[in-house]
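Here is the structure we will look at, set down as structure tokens.
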Amino acid sequence: MIELRGELRAHEPLAGYTSWRVGGVAKQCYRPADVEDLAVFLRRLDPHEPLLWLGLGSNLLIDDDGFAGTVILTRGCLSAMERRADNRIYAEAGTSCAKLARFASRENLVGVEFLAGIPGTMGGALAMNAGAWGGETWPHVCRVWTIDRAGVVRERDAADFSPGYREIAGPAGEWFVAVELGLEHGDGRAGMERMRALLARRAATQPIGQPSCGSVFRNPPGDHAARLIESLGLKGQRIGGAQVSEKHANFIINTGDATASDIAALIGHVQDAVEQHTGVRLIAEVRRSAGEGA
1085 MIELRGELRA
1095 HEPLAGYTSW
1105 RVGGVAKQCY
1115 RPADVEDLAV
1125 FLRRLDPHEP
1135 LLWLGLGSNL
1145 LIDDDGFAGT
1155 VILTRGCLSA
1165 MERRADNRIY
1175 AEAGTSCAKL
1185 ARFASRENLV
1195 GVEFLAGIPG
1205 TMGGALAMNA
1215 GAWGGETWPH
1225 VCRVWTIDRA
1235 GVVRERDAAD
1245 FSPGYREIAG
1255 PAGEWFVAVE
1265 LGLEHGDGRA
1275 GMERMRALLA
1285 RRAATQPIGQ
1295 PSCGSVFRNP
1305 PGDHAARLIE
1315 SLGLKGQRIG
1325 GAQVSEKHAN
1335 FIINTGDATA
1345 SDIAALIGHV
1355 QDAVEQHTGV
1365 RLIAEVRRSA
1375 GEGA
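Here's what the structure looks like:
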């Protein structure tokens, strides 16, 4: 029997794995050594076991009761990255978006500078078609590698998926483990300057340094969620330790002692208030710990 080479932890507290710093305990967590090791682990796992995939935890709200299943951790692993062919970059799902953006610029490849401001991994960026400042992930995708519950790894073309705004439709029951991006040749130094400018803008307009998940709500067609929230005077609104940021209305921060229930309640309160006064029901970008790739 092939031995597992990853790290398995039972009854693991999850708050430290999320950018909101909230959430209960997982039944168990597994950090694979590589994709092959992950495949072995999944083949041995009960097929009915709930699964939760967790990278940098920047777009995830884990319940206070925790997660009664297995968490697959990609942070600190599944992070291989290399240049391939003339203008392509291969990166595994645990690679941080910011690291990939910097790598591309060093290779004089441009087009993904926007990834520098996304506090997540490439696995999460693929799963939600992450974007910022007019850029999105999937226009640059050439092909991906996925894995299913049986540990089967597949190579798929980008055409197998239908990207939308902060979502992606594709084969059911598969999760991203790697991607190959096709980029444009360009001036890497200019790319670095664009990233510095974008990060400076982000620091000036967003509550960087405070526990949050990034943007909470999708922008409705033709408008901005932050504008709608601010127009109702909801900046600074609190429930328990959760607060609508006074710096950016589409951020909810943990002021220090928030629970997941506080945050969930504040999300619902903002949605209800905006819908009542404007008729627009804001859709949350943040995912809940419901398993199967949440």
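Residue numbering for the sequence shown follows our numbering, beginning at 1085 and increasing consecutively.
Each residue gets a CB set at the ideal place from its N, CA and C atoms; glycine is no exception.
In this text the structure is predicted, and so the values were computed from the model without any measurement.
**OP:** Mind checking who Thr1205 pairs with in its DSSP beta bridge?
**Re:** Ser1180.
**OP:** Quick one: using the 10 Å Cβ neighbour count with 16 as the cut-off for buried, is Pro1295 buried or exposed?
**Re:** It is buried - the Cβ of Pro1295 has at least 16 other Cβ atoms within 10 Å.
**OP:** With DSSP as the reference, label Leu1098 as helix, strand or coil.
**Re:** In this structure, DSSP gives Leu1098 a state outside helix and strand, which the three-state scheme calls coil.
Original post:
The beta strand (DSSP E) spanning Val1109 covers which residue range?
Top reply: For Val1109, the uninterrupted beta strand (DSSP E) run begins and ends at Val1109 to Arg1115, by DSSP.
**OP:** List the whole-angstrom C-beta distance separating Ala1177 from Ala1262, where the pair is believed to meet the contact cut-off of C-beta under 8 Å.
**Re:** Between Ala1262 and Ala1177 the Cβ distance is about 6 Å, and since that is below 8 Å, they are a contact.
Original post:
Under 9 Å between the Cβ atoms of Ala1110 and His1095?
Top reply: Going by C-beta atoms, Ala1110 is nearer than 9 Å to His1095.
Subject >> Endpoints, alpha helix (DSSP H) assigned at Leu1282 >> reply: Bounds of the alpha helix (DSSP H) holding Leu1282 are Gly1272 to Thr1289.
**OP:** Can you give me the start and stop residues for the alpha helix (DSSP H) that Ile1313 sits inside?
**Re:** Ala1309 to Ser1315 is the span of the alpha helix (DSSP H), which, as asked, contains Ile1313.
Original post:
For Leu1140, is the beta carbon positioned less than 8 Å from some heavy atom of the ligand NAP?
Top reply: Within the structure as shown, the ligand NAP is missing, as the structure has no ligands at all.
**OP:** Check each candidate in Asp1147, Leu1157 and Thr1102 and name the one with the smallest Cα separation from Ser1345.
**Re:** When only C-alpha atoms are compared, the closest one is Asp1147.
Subject >> Residues near Thr1102 in its chain [Cβ-Cβ closer than 7 Å; skip 5 each side] >> reply: Closer than 7 Å at the Cβ level, and outside the excluded window around Thr1102, lie Gly1141, Leu1144 and Ile1146.
Subject >> Beta-carbon contacts of Cys1161 that lie in its chain and below 8 Å, excluding the five residues immediately before and after >> reply: Excluding residues within five positions, the ones whose Cβ falls inside 8 Å are Gly1090, Arg1115, Pro1116, Ala1117, Asp1118 and Gly1178.
**OP:** Write down the C-beta distance between Gly1266 and Arg1128 rounded to the nearest angstrom, noting that I regard them as a contact closer than 8 Å.
**Re:** The Cβ separation is near 36 Å, so there is no contact.
**OP:** Classify Leu1199 as buried or exposed, calling it buried when 16 or more other Cβ atoms lie within 10 Å of its own Cβ.
**Re:** Counting C-beta atoms within 10 angstroms of its own C-beta, Leu1199 has 16 or more neighbours from the protein chains shown and is therefore classed as buried.
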